[in-house]
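Novice: Read left to right, the sequence shown gives residues 32 to 287 (the numbering used here).
Every residue gets a Cβ at the ideal spot worked out from N, C-alpha and C, and that includes glycine.
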Amino acid sequence: MLFDSHAHLNDDRFDEDREEAIEYIRKSGVDLVVNPGADMETSKSAIELANKYDFIYSAVGVHPHDVSGMTESDIETLRTWAKENEKVVAIGEIGLDYYYDLSPREDQKKWFIRQIELANELGLPFIVHDRDAHGDTFEIIKKYKAKDTGCVLHCYSGALELAQEYVKLGCYISIPGTVTFKNNKKTVEVAKEIPLEWLFIETDSPYMAPVPFRGKRNDPSMVKYVAEKIALEKGISYEEVCRVTKDNAMKFFKIK
Numbered sequence: 032m033l034f035d036s037h038a039h040l041n042d043d044r045f046d047e048d049r050e051e052a053i054e055y056i057r058k059s060g061v062d063l064v065v066n067p068g069a070d071m072e073t074s075k076s077a078i079e080l081a082n083k084y085d086f087i088y089s090a091v092g093v094h095p096h097d098v099s100g101m102t103e104s105d106i107e108t109l110r111t112w113a114k115e116n117e118k119v120v121a122i123g124e125i126g127l128d129y130y131y132d133l134s135p136r137e138d139q140k141k142w143f144i145r146q147i148e149l150a151n152e153l154g155l156p157f158i159v160h161d162r163d164a165h166g167d168t169f170e171i172i173k174k175y176k177a178k179d180t181g182c183v184l185h186c187y188s189g190a191l192e193l194a195q196e197y198v199k200l201g202c203y204i205s206i207p208g209t210v211t212f213k214n215n216k217k218t219v220e221v222a223k224e225i226p227l228e229w230l231f232i233e234t235d236s237p238y239m240a241p242v243p244f245r246g247k248r249n250d251p252s253m254v255k256y257v258a259e260k261i262a263l264e265k266g267i268s269y270e271e272v273c274r275v276t277k278d279n280a281m282k283f284f285k286i287k
């Protein structure tokens, strides 16, 4: 019934019990998970994980933290992986991170654009990381996203007004476990006001576990707390949130 649209089950925090954790996730009511890469190595391992488990799908791409050493050869490798693996359903996660600034901003913008162009070329949607870079992220997506190319703002942290502008561009908004945090009024407002037809739910496992597990290792079984919070804020049933967000993500990722 649940679709966790963004989790990193190939993260080293799952190394000691990955098989057991995934078996628990499968039994917890989670039907589907998308596991994006963050660099070339984790993109490759995301594909391997997706090929091992029928309910896990992968995305390939290089996170802004890791683009400073990126080359056109990496773009060619990502293209090949996406073309040759039917369980690669998106390019991502890609974007801009001005909070940590681990890569020069010009490099971040260059390779964000280049990976959007790759998504356009392949007819795949792309998954966006945006931290403290709201203006540049929006302008790049507005300029470079092809009309028919899907886009989701993963772990959305911007204001409601910006989310509404993204929806006008045909972009989805993904709500993470931070929506359950006591003082996170901005994300609660987005979850409440953006139409359910434009929302995904996610965990971003192993990071940002929701209340009541804040500070612990997150996993896709906890995505239900995101769905419960959205249902509460919108005044609708939990089942409706699960059904519609799952339908949204299945359509977006072209999963049948």
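#1: How about Ser76 and Asn116: do their beta carbons lie closer than 8 angstroms?
#2: At what residues does the beta strand (DSSP E) containing Ile206 begin and finish?
#3: Measure the alpha-carbon distance for Trp112 versus Ala38 and round it to whole angstroms.
#4: Roughly how many angstroms lie between the CA atoms of Ile286 and Val120, to the nearest whole one?
#5: How big is the Cα-Cα spacing for Phe169 and Asp46?
#6: Pull up the distance between the alpha-carbon of Lys174 and that of Gln139, whole angstroms please.
#7: What three-state label does DSSP hand His94 in the structure shown?
#8: Pair every Cβ in the segment 237–251 with every Cβ in the segment 215–222, then say whether three or more of these pairs are closer than 8 angstroms.
#9: Taking 8 angstroms as the cut-off, decide whether the C-beta atoms of Ser36 and Glu259 are in contact.
#10: In this structure, how does DSSP classify Arg162 when only helix, strand and coil are distinguished?
#11: My assumption, with CB atoms under 8 angstroms, is that Lys27 sits in contact with Asn82. Please give the rounded CB distance.
Specialist: Let's see:
#1: no
#2: Cys202 to Ile206
#3: 19 angstroms
#4: 8 angstroms
#5: 35 angstroms
#6: 16 angstroms
#7: coil
#8: no
#9: no
#10: strand
#11: For the chain, the structure presents residues 32 to 287; residue 27 sits outside this window and is missing.
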